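Peer 1:
Residue numbers (our numbering): 72 to 622.
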């Protein structure tokens, strides 16, 4: 009953209202030149310094869903769930130079989205459209999963009803408030809120990893309890150590997830909002601190086992909602006032990434669909208005995912989203270093990689839930004729097919001397920095939309 959690509810509500007020105030933060402009509304004036970018990008990548889902995966599967830790470490050296090049060329040409860059680099509206659609489709379920984190907290506090409307009404209200202040303040709102969100999460986790082991008999007792649980289950991939059945899946999932992380449009949006290249370099060096935090968060799954925490029932009869493991752990082991702060950290942790994701998806629609195909002479003010409306539509779609679909299905969709966004790697990431790929070959590679990925995902079943298709991203190698129980991450295979097709077809098209368009960028564009006087409009962009960013 909610009356048993009155203290938690009051603290959660007060902190939620506080950050909502900050979201509305953010419209006046850092003196925006003109909010009726996509540079200001969608990229915060491209003016964020080191600290703001660190909190913004970190808050964007380490979400409420991370807070609840990673420990839940550790709770259910053991060591395999730790894949989330190495991939967030591996990625930063990989993108250190890549993102600097993307920022520079975007600064020089006024690009707002990765599809803007692809449009200019390869002179292909079709390829840019594919990149934009891919980004929007991959982002939608990711936003929905932030709602899963909020829902887990609300269920633990008893703030849910029996009917579908009563169960989802608090989430609908929360996202209505989010939509309102994002519409008014744009990217400045999550940037300002990220300070509060990340500070709260750091405090909660550091207290938990000191206090809980002391209360539960030490780390030795925690790991012994986890080991005993997994030894008692028949699943071959469970355990506190990896084994022959899950090592390949672990490695490919970690590496594939690393490649996908900064291809998501919301990750790129935080980077493009940076003031200069040095801000990006410092952040790629400092962001692994969040990975340390993530490792500590993951250990909450083992602590929940030692504390004998049980998840709440799921939406379906006989099912359980493992996403409630962390909220239930805090509810059982901490006083009400601290549990309320922890719940607020999770709830606020959903607002920051959800806002950035909706803004990034809206920017893609505005710049690469609306302006490219519907109104090529759109003014900056019209672009900003369309992007604001598109962000509202995206949020409504995210809420619909949770209201009308089983949350577990949304989780599967997020795994599928990683496979989808990986297919933009050749055009976006490799395109920053080479123009060798033919634009027609990149389109064909995208089609081939997407087709292979969808076919493989269709074959993935989960007997535990009864799903026969699209039940995850771990593809059984036995489907390829191998006599083994091993699985592999679908995204790795799909993007390799993409690259092979793109490379082979490039050779064919170049041999046939098929026209390849004009590269609108120059080598010097990839090293431009703050204050560069040669900021020029990109293709089909007016001079105002490519103005020099606010310092």
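C-beta: ideal position from N, C-alpha, C; glycine also. These figures come from a predicted structure and were not determined experimentally.
Is it right to say residue 432 is buried, meaning 16 or more other beta carbons lie within 10 angstroms of its own, or is it exposed?
Peer 2: The residue in question, residue 432, is buried, as its Cβ has 16 or more Cβ neighbours within 10 Å.
Peer 1: Are residue 706 and residue 262 closer than 7 Å when you measure CB to CB?
Peer 2: No information on residue 706 is available, as it lies outside the stretch 72 to 622 that the chain covers here.
Peer 1: Let me check understanding here. Comparing Cα to Cα, which of 314, 324, 437, 134 lies closest to residue 453?
Peer 2: Ranking the options by Cα distance to residue 453, first place goes to 437.
Peer 1: With DSSP as the reference, label residue 183 as helix, strand or coil.
Peer 2: In this structure, residue 183 counts as coil in the three-state DSSP scheme.
Peer 1: Whose C-beta lies closer than 8 Å to the C-beta of residue 208 among residues of the same chain, with five residues either side of it excluded?
Peer 2: Excluding positions up to five away in sequence, the list reads 488, 491.
Peer 1: Are the region 407–419 and the region 81–92 touching, with three or more C-beta to C-beta distances below 8 Å?
Peer 2: With the cut-off at 8 Å, the region 407–419 and the region 81–92 touch.
Peer 1: Tell me the residue span of the alpha helix (DSSP H) that contains residue 304.
Peer 2: Residue 304 -> no alpha helix (DSSP H), and no H or E assigned at all.
Peer 1: For residue 319 and residue 497, I'd like the C-alpha separation in whole angstroms.
Peer 2: Rounded to whole angstroms, residue 319 to residue 497 spans 24 Å at the Cα level.
Peer 1: Between which residues of its own chain and residue 442 is the CB-CB distance below 6 Å, once the five residues before and five after are set aside?
Peer 2: These residues qualify, in order along the chain: 449.
Peer 1: Helix, strand or coil: which one does DSSP assign to residue 557?
Peer 2: DSSP places residue 557 in coil when its eight states are reduced to three.
Peer 1: Where does residue 599 fall in DSSP's three states?
Peer 2: Reduced to three states, the DSSP call for residue 599 is coil.
Peer 1: Could you check whether the region 218–227 touches the region 131–142, counting it as contact only if at least three pairs of C-beta atoms, one from each stretch, sit closer than 8 Å?
Peer 2: Counting Cβ pairs under 8 Å, three or more are found: they touch.
Peer 1: Distance, Cα to Cα, residue 128 vs residue 525?
Peer 2: In a straight line, the C-alpha of residue 128 is about 30 Å away from that of residue 525.
Peer 1: Tell me whether the beta-carbon of residue 248 lies closer than 7 Å to the beta-carbon of residue 367.
Peer 2: In this structure, residue 367 does not lie closer than 7 Å to residue 248 by Cβ.
Peer 1: Please state the DSSP three-state secondary structure of residue 621.
Peer 2: Legend: pLDDT at residue 621 = 33, less than 50; position of this residue unreliable, no value from coordinates given.
Peer 1: How about residue 312 and residue 321: do their beta carbons lie closer than 7 Å?
Peer 2: No, the Cβ-Cβ distance between residue 312 and residue 321 is not below 7 Å.
Peer 1: On the DSSP bridge assignment, give the partners of residue 626 in chain order.
Peer 2: Nothing about residue 626 can be reported from this structure: the residues present for the chain run from 72 to 622 only.
Peer 1: What does DSSP give as the partner residue(s) for residue 226 in the beta ladder?
Peer 2: DSSP lists no partner for residue 226.
Peer 1: Just grab the DSSP bridge partners of residue 533 for me.
Peer 2: 538, per the DSSP bridge assignment.
Peer 1: Using only CA atoms, which one of 390, 457, 500, 228 lies nearest to residue 168?
Peer 2: The shortest C-alpha separation from residue 168 is found at 500.
Peer 1: Could you check how far apart the C-beta atoms of residue 419 and residue 264 are, in whole angstroms? I think they sit under 8 Å.
Peer 2: Residue 419 to residue 264, Cβ: 7 Å. Contact.
Peer 1: Less than 6 Å between C-beta atoms, sequence neighbours within five positions excluded: which residues of the same chain meet that for residue 143?
Peer 2: Once the five neighbours on either side are set aside, the close Cβ partners of residue 143 are 393, 394, 396.
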